[in-house]
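Scroll down for the structure; my scribbles are underneath it.
Protein chains: 2
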Amino acid sequence: MNIILLSGGSGKRLWPLSNDIRSKQFIKIFRKKDGSYESMLQRVYCQIREADMDAKVTVATSKSQISAIHNQLGEEAAISAEPSRRDTFPAMALAAAHLSDVQGISPEESVVVCPVDPYVEKDYFAALKALASQAEKGEAKLVLLGIEPAYPSEKYGYIIPADDGEITSVKTFKEKPTAERAKEYIGQGALWNGGVFACKLGYLLEKAHEQMDFTDYQDLYEKYDALTRISFDYAVVEREQSIQVMRFAGQWKDLGTWNTLTEAMEETVVGQGVMDETCRDVHIVNEMDVPVLAMGLKDVVISASPEGILVADKGQSSYMKPFVDNMDSRIRFAEKSWGSYRVLDVEKGSMTIKVTLRAGHSMNYHAHRRRDEVWTVISGSGRTIVDGMEQKVERGDVITMSAGCRHTVIAETELKLIEVQIGEEISVQDKVKFELP
Amino acid sequence: MNIILLSGGSGKRLWPLSNDIRSKQFIKIFRKKDGSYESMLQRVYCQIREADMDAKVTVATSKSQISAIHNQLGEEAAISAEPSRRDTFPAMALAAAHLSDVQGISPEESVVVCPVDPYVEKDYFAALKALASQAEKGEAKLVLLGIEPAYPSEKYGYIIPADDGEITSVKTFKEKPTAERAKEYIGQGALWNGGVFACKLGYLLEKAHEQMDFTDYQDLYEKYDALTRISFDYAVVEREQSIQVMRFAGQWKDLGTWNTLTEAMEETVVGQGVMDETCRDVHIVNEMDVPVLAMGLKDVVISASPEGILVADKGQSSYMKPFVDNMDSRIRFAEKSWGSYRVLDVEKGSMTIKVTLRAGHSMNYHAHRRRDEVWTVISGSGRTIVDGMEQKVERGDVITMSAGCRHTVIAETELKLIEVQIGEEISVQDKVKFELP
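If you read the protein sequences in the order shown, they are chains B and W.
Everything in the first sequence is counted per my numbering, starting at 593 for the first residue and increasing by one.
Everything in the second sequence is counted per my numbering, starting at 593 for the first residue and increasing by one.
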């Protein structure tokens, strides 16, 4: 089975855990059997592997997520990264070209396309395999997964099937309706459109070539910024006559808000947290290293991270976006290809951060124009290069770098350091990259 | 007017703002006209000064609070500090001896004794002056302030006056009653006993000498650890026949719990915090430098500090003590005589803290046996002494100290530094003090 996982954009509806550079699919919130936690992305990736050992997974994403994906899945997963955001049709075209031209998959093979963020169980992946087989038969150009509605949701588009068969043709599509209208649709046997479908790889490529002028993956990648923004539904699905839908009646939960996310959590407390016995339906997700104490609350979600603290009635939390948009958006935690950093302290004229480098990784060789920096290595070992001079470093070593001085650190083991930045103007923009000497 | 302000022990009922070493009276939570914030202690001290420019204020407290009191009131306030905790009678005896022997106040002058933590207005201090005058007249040995009950509280003792006169003799005292019983008392004209009284200084000294064997302040101080623990009520008030009570009908709120404290706050948000329009009766007190977002809550207090995060129904918050007792009690923020420190990061084998020194102050000259330290000065200037070698330091300077190395820093201006501690065992106990060379 070939799968394209759509790993979407930044979401603010799960603030303070998600923000401009950290998306909900990377939050480690689901407890594994061994007691550690995994993210939506890791969970779905493992589930695919369990359903089909030989599945070829390609993550379609944006450039900014590449580091986080490699950190969470390792180097094994194929990534098709858009150089810029161009909506779903260009993204799928690029991923299809990647499968064909980079991975060498035949246009006769089928490919399943699905978003990374629904919370699903084993039966879902069995359904995806059935979807892939059905597409390979070629009875229709596109085979959609139609999800049996759990309630008359206003958040999804609806598929009206021709009849109540397990696999049948599509009569028509309906846009996101009112709850009232949704009930009517459901009365007519309508199914949710979760954006999951299968088709032959050749079909995707054919549709792409019809509407975009390119030769192969590399060519499409280079022309990407100039492509028109257009959704796959609008560009392809709505114009296609030959579409089937396959019913799916298993669990399928969209984890886009705290309300739905906490429903999918097996535990009520992740991180340090205590509740008194009068709390009811309270969830605590705490990424800080200080405890949370909750008392006498009902239907409330509490989440704390280096970005901020949310305390919200679960229903009300769906409306957080405008409040989060207005917040100070200084990023206080970020995953990078080489590891991660966390802001510990901000003062006028200085900032203190903790940097964690993965074994074998290094920062860019870079300099700052307007700030000095001091590194104190607190664990691990590696090498620093400062203005071309290389030296071994280990726990306890201190490296001072004046403004203008070029520097990097290469981790041999996992290496952590405290970086104190000092300067009148401290900004992430103040960074000049260089080739290593 | 002579006033002894009783600045009591550590309270956990206002966690995470109060803890073992930081008491509620030092939390800066009340907004002043200039927009800055003041603590209970600072507020009451200013109110006394406004009511009586010449008032002599002595703060009776424990050794551990001296630094915080000096930081908040300056060096001007007299402090009578118990070398160890010995309940209220020994504490008052020591303070009385301080007034007499250190401050030279005549035994014929009256002295008002009151706790530092009720939330009161101007009329209260007018009442204290009247109380002092009444005591000076000598009609009775002790004159208590009887507070008109706002409700049948179970938290206070009650005073039953002989009649309903403004100043009258006390018929009897009643222990903290049930609410039912409290109603009966109030029906009989009972008043709250808030622990506020006045008497001649000589009376306090006489009672002290009757029950403790000492010559003067210095002698009592030295014998303090051997004194019996006994309360002033039990040792003196309950045995005294000549007691008057003066009625007080103004505002008097005990700020011992979040419920009562938030009632006294003029603003609903202190620190970074945002509420949506569906929040009702919500208070946010945030000492962290990340925002709090509250949505859809009712009657809830949210408080965040470097010690932890509280989210509690206001009524329920009164029952927090057992939960707080069970929490990790690592202190993450502390005020010292020389300034303050805050823990920024804790890792296995290292800890990073921010140290703020007040201008003109310095740390003890000290060494650690089992850890190295690195200082990076992030603002201000001063001098360091490291193994006897003195050097000037300013913003950007880095000082490294191996285990065993003796060190201190003397701030010329306010000076802030980041201290990285590195060692297998990091403990506050690992500190050896030395005389400066």
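Even for Gly, the Cβ is constructed at its ideal location relative to N, Cα and C.
All figures in this text were calculated on a predicted structure; none of them were measured in a lab.
From residue i to residue j, what does the alpha carbon distance come to, in whole angstroms?
i	j	result
W:E986	W:G666	26 Å
B:R839	B:V762	11 Å
B:I751	B:A688	25 Å
B:K714	B:A643	7 Å
B:A742	B:Q639	23 Å
B:E965	B:Q1013	5 Å
W:S971	W:V947	11 Å
W:L737	W:F789	6 Å
B:L902	W:G865	10 Å
W:N918	W:S702	44 Å
B:D805	B:R934	43 Å
W:V877	B:S692	57 Å
B:P699	B:L734	14 Å
W:I619	W:G627	16 Å
B:V686	W:S610	Note that residue 686 of chain B is Leu in the sequence shown, not Val. Using only the alpha carbons, I get a separation of about 57 Å.
W:L1009	W:G900	23 Å
B:K624	B:E858	10 Å
B:Y711	B:R922	30 Å
W:Y809	W:M684	12 Å
W:D873	W:D891	5 Å
B:A724	B:A732	12 Å
W:D937	W:H690	43 Å
W:D881	B:Q617	26 Å
B:Q803	B:I697	22 Å
B:S884	W:P914	Going by the sequence as given, residue 884 of chain B is Val instead of Ser. One C-alpha to the other measures close to 14 Å.
Give the interface partners of residue i over in chain B, defined as CB-CB distance under 8 Å, in chain order.
i	result
W:Q657	Under the 8 Å cutoff, chain B gives no residues; its nearest Cβ is about 24 Å from W:Q657.
W:F970	Residue identity check: residue 970 of chain W is Ile in the sequence provided, not Phe. Per Cβ cutoff of 8 Å: E939, G941, S942, T944, V1012 and I1014.
W:E936	The sequence shown places Leu at residue 936 of chain W, rather than the Glu named in the question. Neighbours of W:L936 on chain B, chain order: L936, D937 and T944.
DSSP puts residue i in a beta bridge; with which residues?
i	result
B:C791	B:V703 and B:L734
W:T1000	W:I977
W:I739	W:W784 and W:F840
W:Q983	W:T976
W:R614	W:N611
B:S654	B:E674
B:I752	B:T764
W:A722	Answer by DSSP bridge pairing: none, since W:A722 is not bridged.
B:A926	B:Y933
W:P710	W:D846
B:A904	B:V893 and W:M887
W:A959	W:V1024
W:L1007	W:L949
W:R635	In DSSP, W:R635 forms no bridge with anything.
Residues of chain W with CB closer than 8 Å to the CB of residue i, please, in chain order.
i	result
B:Q908	D868, T870, M887 and G888
B:F915	V866, D868, L885 and M887
Going along chain B, which residues have a C-beta under 9 Å from residue i?
i	result
W:M912	D868, L885 and M887
Who are the neighbours of residue i on chain W, taking C-beta pairs under 9 Å?
i	result
B:A904	D868, L885, A886, M887, G888 and L889
B:R544	Residue 544 of chain B lies beyond the residue range present for chain B, which begins at 593 and ends at 1029; the question has no answer from this structure.
B:D964	G988
B:R924	V882
B:T976	Those do not exist, as B:T976 stays about 15 Å from chain W at its closest Cβ, beyond 9 Å.
Could you tell me which chain B residues have their CB closer than 7 Å to the CB of residue i, listed as they occur along the chain?
i	result
W:A896	I901
W:K1008	E939
W:M919	P883
Return the Cβ separation of residue i and residue j in integer angstroms, given the expectation that the two are a contact with Cβ distance under 8 Å.
i	j	result
B:I596	B:A647	B:I596 to B:A647, Cβ: 11 Å. No contact.
W:L930	W:R950	One point to set straight first is that residue 930 of chain W is Trp, not Leu, in the sequence displayed. Indeed, because the Cβ distance is near 6 Å, the residues count as touching under 8 Å.
W:G794	W:N851	The pair is not a contact, with the Cβ atoms about 41 Å apart (cut-off 8 Å).
B:K604	B:V916	4 Å
B:L720	B:V694	Going by Cβ atoms, the distance from B:L720 to B:V694 rounds to 22 Å, so no, they are not a contact pair.
B:A926	B:V1024	Not quite, the Cβ-Cβ distance comes to about 19 Å (not below 8 Å), so this is no contact.
Just to make sure I have the definition right: I need the residues of chain W whose C-beta is within less than 7 Å of the C-beta of residue i. Which are they?
i	result
B:T992	V990
(request) Quick one: which unbroken beta strand (DSSP E) runs of 3-plus residues sit fully inside the region 851-895 of chain W? Chain order, please. (result) 865-867, 875-878 and 884-887
(message) My parser needs the alpha helix (DSSP H) runs of 4 or more residues fully inside the region 790-834 of chain W; what are they?
(response) Listed in chain order, they are 793-803, 809-815 and 824-827.
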